[in-house]
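K.L.:
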Amino acid sequence: MQLDEIPVPEPGPGQVRIRNRAAALNFFDILQCQGKYQVKPPLPFTPGAEVAGVIDAVGEAVSGFNVGDRVQAMSPWGGFAEYSLAAVSGVFRIPDEMPFAAAAAMPIVYQTSYFALKHRALLRAGEWLLVHAAAGGVGLAAVQIGKAMGAQIIATAGSDEKLAICKLQGADHAVGYRDESWVDRVKEITGGHGADVIYDPVGGDITGLSTKCIAWEGRLLIIGFAGGTIPKIEANRVLLKNISIVGLHWGEYRKHAPELVTQAQDDLFAMFRAGQISPVVSREVPLEDVVPALRELAGRKTHGKLVLTMA
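In terms of the working numbering, the sequence shown is residues 1 to 311.
1) Tell me where the alpha helix (DSSP H) around TYR253 begins and ends.
2) Which residue or residues does DSSP assign as beta-bridge partners of HIS173?
3) Just checking my contact of ALA215 with ALA195 at CB under 8 Å: how many whole Å lie between their CB atoms?
4) First and last residue of the alpha helix (DSSP H) that includes ILE189?
5) Using 7 Å as the limit for Cβ to Cβ distance, is SER84 near chain C?
6) If distances are taken between C-alpha atoms only, which option among LEU25, PHE92, ALA22, THR46 comes closest to PRO258?
7) Rounded to a whole number of angstroms, what is the C-alpha to C-alpha distance between SER244 and LEU220?
8) Could you pull the start and end residues of the alpha helix (DSSP H) that GLU296 belongs to?
9) If you scan the segment 69-112 from start to end, which runs of the beta strand (DSSP E) of 3 or more residues do you find wholly inside it?
10) Check the C-beta distance from GLY78 over to GLY304 and give it rounded, since I have them as a contact under 8 Å.
11) Quick check: the Cα distance between SER89 and ALA57, rounded to an integer number of angstroms?
12) Using a Cβ-Cβ cutoff of less than 8 Å, which residues in the same chain neighbour VAL307 once the five nearest sequence positions on both sides are dropped?
13) Over what stretch of residues does the beta strand (DSSP E) that includes GLU50 continue unbroken?
14) Cα separation between GLN38 and ASP200?
15) Would you kindly report the start and end of the unbroken alpha helix (DSSP H) that includes ILE243?
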């Protein structure tokens, strides 16, 4: 990657151009740069899928948005720049009190956790929710949203510092998962009941171990495989406890049910205004430092979201 001057893009039909003030980093940006992600832009390209800023131009057939609107937006790529384009289907006007860095850090991880817990797992108030890798972007979003939905939260993370962050963000219990003892801790915390819903963005051995501490009729949410290994699940455990294995590919909702995405964003903004959720920005870095910031993210040295800022 290199920082370069390129022409300011012109919005096409159904697009807006955003003067970016912030852009959030995601792990899939790294995979996309490496050519390992399912979305493969033609080279050369600018990474970055989440931005926040001010609309400064609108294309043909755009309604509901005007120059000067403060917005957040999602696009397949192009966000790590001073200007970017976005289809209006992925653009949302943000609350006046929401900072640009928080707005950029919100869309994908909060939408993912919202759909996972509300639509896929049907999380109910009073249930036990176990969130793995809870100090990451989607993990902290799941902790906050689960708490807002009335669940009892157990968070797992890989260091004492990250466990403390989980507690600060609403987790009732925080457990280290560097060894397999976390399985017994979950059983102990829940009084032998187990976790009703398990939120798993890690994969690998974590998924199989999760089936040992899930409750009867529990729901195991498959969010991703940040650990690098796609797991195999013992089918007899699914049978014996009446477990549901539930997958979430959030991007498919944008294609098949875009109206649900809009409704989810309305609900999330209502939670934000009520003080129930707040995107966690671990650090803001200038645009020119994007490469070391991505390396920091790749090294699992961050919590919440790293956000680039544009002058």
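Quick reminder that beta carbons are idealized off the backbone N, C-alpha and C, glycines included.
P.N.:
Taking the structure as given:
1) 251-256
2) According to DSSP, HIS173 shares a beta bridge with ILE154.
3) 6 Å
4) 181-189
5) Here there is only one protein chain, and chain C is not present.
6) PHE92
7) 6 Å
8) Counting along the chain, the unbroken alpha helix (DSSP H) around GLU296 starts and ends at 290-298.
9) 70-74, 83-87, 91-93
10) About 23 Å; that fails the 8 Å criterion.
11) Taking the straight line joining both Cα atoms gives about 16 Å.
12) ALA22, ALA23, ALA24, LEU25, ALA101, ALA104, ALA105, VAL281, ARG283, GLU284, VAL285
13) 50-58
14) 20 Å
15) For ILE243, no alpha helix (DSSP H) run applies, since DSSP gives it neither H nor E.
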